[in-house]
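Notes for the one structure printed next.
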Amino acid sequence: MSRSITLGQYYPASSVLHRADGRMKLILTVVFMVMCFLCKSLASFALLLLFTLGLVFASTVPLKIVLKSVRMIIFILIFTFVLNIFFTPGTGEPLLAFWIFRVYKDGIWKAFFMSFRVFCLVIGTGLLISYTTSPVDITHSIESLLMPLSKIGIPVHSFAMMMFIALRFIPTLSDDAEKIMTAQRSRGVDFSSGPLMGRIRSLVSVLIPLFVSSFRRADELAVAMECRCYHGGEGKTSLHVMKVRFSDFVILFVFLAVAAGTVLLNGIKFGYSM
Amino acid sequence: MTDTGKTGYIQCRNLSFSYEPKPESGPVKYALKDVGLTFEKGEFVAVIGRNSSGKSTLAKLFSLIIEPTSGELVIDGKTVSSELTDAEILDIHRKVGMVFQNPDNQLIATVVEEDIAFGPENLGCPPDEIRRRVDSALAAVSLTDYAGAEPARLSGGQKQRVAIAGVLAMQPECIIFDESTAMLDPIGRRDVMNIMRSLKDKGITVINITHLMDEAARADRIVILDGGSVIAEGTPKDILSDTALLEQYGIIPPQCTALLNELRKKGFDLPSGVTPDEVADIIAAAAGL
Amino acid sequence: MSDIITLENITYVYSPGTPYEKKALDNISVSFEKGTVTGIIGHTGSGKSTLVRLLNGLERPSSGRVLLDGEDIWLKPKSIGKIRFRVGLVMQYPEYQLFEETVRKDIAFGPKNMKLPEDEIERRVRETAKTVGLSEEVLDMAPFDLSGGRKRRAAIAGVMAMTPEVLILDEPAAGLDPEGRKKVFDAISAYKEEHGATVIIVSHSMEDMAERCDRLCILNNGRIAAYGNSGDIFGDPSVLIGAGLDVPEITAVAYKLSERGLKLGKAVFTVSDAAEAVAEILKGRKAGSDGMGKGGFTL
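Right, here's the structure in full:
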């Protein structure tokens, strides 16, 4: 029974973002991150929120799934919020004061802005990379972007191949682990209770066979690759040629425009600005 | 240039291999000893033998994982030795494809068509050529509808067909199946066996290394290895009705031939047959129908 | 004879409530009689692996009960571990579970988990090694240095050493050569004889099943397509074919002969039975024609 394990959070679909070139998406991610940190005023944050929502819409990934990734960082959000609210020095009378804490109006604004920034950062980068780009594409894209480094002797292809194969074998090995655990449970191993030493010993009964099987798999895979004429990255072509299309530039333009927009909107000093 | 004269596609002459050619004590133990074999172009041959008969060593020699300790191995006119250039090795790998036992350990990509493209990509084919090869290889193993599937979601038999397609995309002249059906269920096995036959019909040399007698019975010629040596060679009918040979080497023939052999022991003079149809015909004829 | 293990209206659903939800077993009821060898046959995805995992409590049924000696094994979920000592499961390619430095230690792993006294463990290891045909020297070797066939038997011994009343084996001989297959099946027979155990074998190999099993249970799409004595099942190949399975070659020959008008009398599914039956027919024909000839002569 081969269960398929979804690696990362990839959400298969064929939206504009899914179809965009992987390398472009990596660049867009950087642009987006910069954009998040450029926001300083209420107006620019509003634009950022609109834009992030636009990305969610464009990706066709259900909002519910997108918000799941926020749940994972909820503590970071709370921490950012609390830190900013209590430790932002302000002018004038504090709104609240007890012990060593002073809460100023500025603090509340800043806490709000900072958490909001992290929130958008997580959703935006998630949408650009994890949700719309398969791990394999990410590998290929990183390889392609870093290719110039191979000119100075860095084995980019080998590293990318290693990463690619590691990703490919995670589900296989996790299947192996599950089978070995079942076998050992059938021999009376209890993985969930018992004294600590016993549980460590139980782990050994899984890890050793797992290592043995990984090495066997690696060995056989190496032979199979060689038999299929693998000889490193030299002269290797690809079925799918990564091509930056016109639409990718359109997306890039949109991103740059929004980034410029946030900078402009920083000028509107409505409410609060950092 | 040495003129090898009239040779087969793969030719072994006094081929020997030892995993430990210079042991610290005692005589050299050979995994293969003085093997002389010829595989003609376009032939469908089964190499059978029990564990440690040397059949997997033979497969490793053919796939250039190991080099002969002594003797000669010639593949398509090229003598296998450490003197082969990288380009020559690559060329042999392209011409002689291997399909191994465990499909999980020979599929490289996470999408079927990308896996099949791996060989042609390594050969440096241009993208449109790769696309053409992938499509025709997929069609040859009847998996066209699965081009975009994840191998992890396929059955064992389907995975093995993807592996075959991956080899086909390199446009090989010979495909060696190294116990490729051992992990499959009956349906998967049947599919893979049928593909072997269709490859042979396309003119590809097919060598099926197996320990399953009923698979061997479906080849055109059987080679039996035991203790590192060739002990018999011949058509399935001849080999499988040679009860003395089978008994001497503990080979269990497929039930069909076993039935005929058993009947011969009881004093009935019957011709040889391999498939249930043939055997039923033979018995019916003997019964005067 | 009484039933040792019974499945009562078992339904098993995988990943309920997710898009991958799948009914692996659909309201199955079946009993395994004490001391029999039952074969479970079904194509990939027929539900046989799930069935096997339910029998020793690795999975809990979505509904229905698994009875061992008349008692629901999930009555006390906390002590389900004890059930696994009574119903031993040998998984596919069990040699992948070997991990100790020596074969001896690996076989002792199960009994140790049962918290048996040292001398009893020692006794069981020796006894089981004998059952599966592994010599004393092999016991002190590292499991990874053994040949494929021995490795397999060492792993099977690891389960046998817990002396389960019911021994379940999933494709015990897969990937082995004929000699290795025979040794594995001989070991299973020996264990059954020594302990009066009930054996359940899951396999694709119709030939092996025909030869080794008293009973056969055919699974198809999560339901039982047929259950009965081997003779009855192989006597009617249509059920097997309907479940997407192969029939043993001998059954195929018998079927083809009956199409040509030669009935072999009873269901045959082993080579020697078939040879016997065919010889009978051929002799009959010969005797008939000889008799006629002779008759003609005397007239």
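Chains as they are written, first to last, in this note's numbering: chain X, 1 to 274; chain A, 1001 to 1289; chain D, 2001 to 2299.
In this text, a Cβ means the ideal position worked out from N, Cα and C, and glycines have one as well.
If you're wondering where the values come from, they're calculated on a predicted model, not measured in any experiment.
Per-residue DSSP class, three states only, for residue i
i         : result
Gln1011/A : strand
Phe1044/A : strand
Met225/X  : helix
Phe255/X  : helix
Asn2009/D : strand
Glu1129/A : helix
Arg2223/D : strand
Cys2217/D : strand
Phe2144/D : helix
Ile1066/A : coil
Ala1182/A : coil
Asn1122/A : helix
Ser1221/A : Note that residue 1221/A corresponds to Arg in the displayed sequence, not to Ser. It is a strand residue.
Arg2285/D : helix
Lys2183/D : helix
Leu1270/A : coil
Phe1177/A : strand
Glu1072/A : strand
Thr52/X   : helix
Residue nearest to residue i in terms of C-alpha spacing, selected from the options
i         : options                                   : result
Phe45/X   : Lys110/X, Val82/X and Gln9/X              : Lys110/X
Glu1088/A : Ile1207/A, Phe1100/A and Leu1064/A        : Leu1064/A
His140/X  : Asp106/X, Ala183/X and Lys243/X           : Lys243/X
Leu1263/A : Leu1246/A, Val1096/A and Ile1282/A        : Ile1282/A
Leu247/X  : Gln9/X, Leu83/X and His18/X               : This sequence places Ser at residue 247/X; Leu is not what is there. Ser247/X has its Cα closest to that of His18/X, out of Gln9/X, Leu83/X and His18/X.
Ala58/X   : Ile74/X, Ile251/X and Val241/X            : Ile251/X
Thr1235/A : Ala1217/A, Ala1244/A and Leu1246/A        : Ala1217/A
Ile2201/D : Glu2194/D, Arg2150/D and Ala2174/D        : Ala2174/D
Gly2180/D : Val2132/D, Tyr2227/D and Met2141/D        : Val2132/D
Ile142/X  : Leu127/X, Leu96/X, Met163/X and Val122/X  : Met163/X
Ala166/X  : Val1134/A, Ile1108/A and Leu1090/A        : Ile1108/A
Asp175/X  : Arg71/X, Leu67/X, Gly126/X and Val206/X   : Val206/X
Lys1060/A : Gly1097/A, Glu1233/A and Gly1077/A        : Gly1097/A
Leu2257/D : Asp1086/A, Ala1232/A and Ala1280/A        : Ala1280/A
Leu276/X  : Val156/X, Ile138/X, Ile152/X and Phe215/X : The first residue shown for chain X is 1 and the last is 274, placing residue 276/X beyond what the model contains.
Val2268/D : Gly2244/D, Gly2261/D and Asp2236/D        : Asp2236/D
Amino acids of chain D, ordered along the chain, whose beta-carbon sits closer than 7 Å to that of residue i
i         : result
Arg1131/A : By Cβ distance, chain D contributes nothing, its closest Cβ being about 31 Å from Arg1131/A, past 7 Å.
Closer than 8 Å at the beta carbon, the chain X residues around residue i
i         : result
Val2159/D : Ser186 and Arg187
Glu1121/A : Lys236, Thr237, Ser238 and Leu239
Listed by chain order, chain X residues near residue i by CB distance under 7 Å
i         : result
Asn2056/D : Ser186
Heavy atom of the ligand ATP within 7 Å of residue i beta-carbon
i         : result
Leu1260/A : Ligands are entirely absent from the displayed structure, and the ligand ATP is therefore not among its contents.
Chain-ordered neighbours of residue i on chain D, where CB pairs are closer than 8 Å
i        : result
Asp981/A : What is shown of chain A runs 1001 to 1289, which leaves residue 981/A out entirely.
Proximal residues of chain A, C-beta to C-beta of residue i below 9 Å
i       : result
Val31/X : Per Cβ cutoff of 9 Å: no residues; Val31/X is ~28 Å from chain A at best.
Contact set between residue i and chain A, taken where Cβ atoms lie within less than 7 Å
i         : result
Asp2180/D : First, the residue type needs correcting, since residue 2180/D is Gly and not Asp in the sequence shown. Within 7 Å Cβ-Cβ: Asn1051.
Thr182/X  : The contacting residues do not exist; Thr182/X stays about 18 Å from chain A at best.
Asp2177/D : Arg1050, Asn1051 and His1211
Neighbour list for residue i in chain X, Cβ cutoff strictly below 9 Å
i         : result
Arg2084/D : Arg185, Ser186, Arg187 and Gly188
Under 8 Å from the C-beta of residue i: neighbouring residues of chain A
i        : result
His231/X : Asp1086, Leu1090 and Asn1122
Amino acids of chain D, ordered along the chain, whose beta-carbon sits closer than 9 Å to that of residue i
i        : result
Ser205/X : Gln2097, Phe2099, Glu2100 and Phe2109
At a CB distance below 9 Å, what residues from the region 207–227 of chain X approach chain A? Give them in sequence order. Hits within the stretch, in order: Arg216, Arg217, Ala218, Asp219, Glu220, Leu221, Val223, Ala224, Met225, Glu226 and Cys227.
State whether the region 201–208 of chain X contacts the region 231–246 of chain X, with contact taken as three or more CB pairs (one from each stretch) at a distance under 8 Å. Touching, no, given that fewer than three Cβ pairs across the two stretches are closer than 8 Å.
If you measure beta-carbon to beta-carbon, which residues of the region 40–68 of chain X are closer than 9 Å to chain D? Listed by position, the residues of the region 40–68 of chain X near chain D (Cβ gap below 9 Å) amount to none.
Is the region 1115–1125 of chain A close to the region 1163–1181 of chain A, with three or more CB pairs under 8 Å? Verdict: yes, contact present.
So if I threshold CB-CB distances at 7 Å, which residues from the region 2108–2130 of chain D count as touching chain X? Listed by position along the chain: Phe2109, Gly2110, Asn2113 and Met2114.
Kindly confirm or deny that the region 1009–1016 of chain A and the region 245–264 of chain X touch, where touching means at least three C-beta pairs closer than 8 Å. Judged by Cβ distances under 8 Å, the region 1009–1016 of chain A makes no contact with the region 245–264 of chain X, as fewer than three pairs qualify.
Given a limit of 8 Å on CB to CB distance, which residues of the region 2235–2253 of chain D reach chain A? Those would be Gly2244, Leu2245, Asp2246, Pro2248, Glu2249, Ile2250, Ala2252 and Val2253, in chain order.
Do the region 2221–2232 of chain D and the region 2023–2034 of chain D make contact, defined as three or more Cβ pairs closer than 8 Å? Contact between the region 2221–2232 of chain D and the region 2023–2034 of chain D is present, because at least three Cβ pairs lie under 8 Å.
Along the region 2266–2281 of chain D, where does the CB come closer than 8 Å to a CB of chain A? Name the residues. Within the region 2266–2281 of chain D, those residues whose Cβ lies closer than 8 Å to any Cβ of chain A are, in chain order, Val2271, Ser2272, Ala2274, Ala2275, Val2278, Ala2279 and Ile2281.
Pairing CB atoms from the region 2264–2282 of chain D with CB atoms from the region 1264–1273 of chain A, are three or more of them under 8 Å? A contact exists between the region 2264–2282 of chain D and the region 1264–1273 of chain A.
Residues of the region 1238–1259 of chain A with a CB closer than 8 Å to any CB of chain D: list them in chain order, please. So the close ones are Gly1250, Ile1251, Ile1252, Pro1254, Gln1255, Cys1256, Ala1258 and Leu1259.
With 8 Å as the limit, tell me which residues of the region 2086–2098 of chain D have their beta carbon closer than that to any beta carbon of chain A; keep them in chain order. So the list is empty, because no residue satisfies the distance condition.
Contact residues within the region 146–169 of chain X, judged by C-beta distance below 7 Å to chain A: Listed in sequence order: Arg168.
Between the region 2076–2094 of chain D and the region 2154–2169 of chain D, are three or more C-beta pairs nearer than 8 Å? These segments touch.
Residues of the region 1172–1197 of chain A with Cβ closer than 9 Å to any Cβ of chain D, in chain order: Of all residues in the region 1172–1197 of chain A, Glu1179, Ala1182, Met1183, Leu1184, Asp1185, Pro1186, Ile1187, Gly1188, Arg1189 and Arg1190 have a Cβ within less than 9 Å of some Cβ in chain D.
For the region 2132–2148 of chain D, which residues have a CB atom closer than 8 Å to at least one CB atom of chain X, in sequence order? Contact residues of the region 2132–2148 of chain D toward chain X are Phe2144 (C-beta to C-beta distance below 8 Å).
Proximal residues, the region 1062–1077 of chain A versus chain D, C-beta separation under 7 Å: Those residues of the region 1062–1077 of chain A that come within reach of chain D (Cβ to Cβ, closer than 7 Å) do not exist; the list is empty.
Cβ contact (3+ pairs, closer than 8 Å) linking the region 1219–1234 of chain A and the region 1033–1044 of chain A: Contact holds: three or more Cβ-Cβ distances are below 8 Å.
Check distances from the C-beta atoms of the region 2070–2083 of chain D to those of chain A and list, in chain order, the residues that come in under 9 Å. Those would be none; no residue qualifies.
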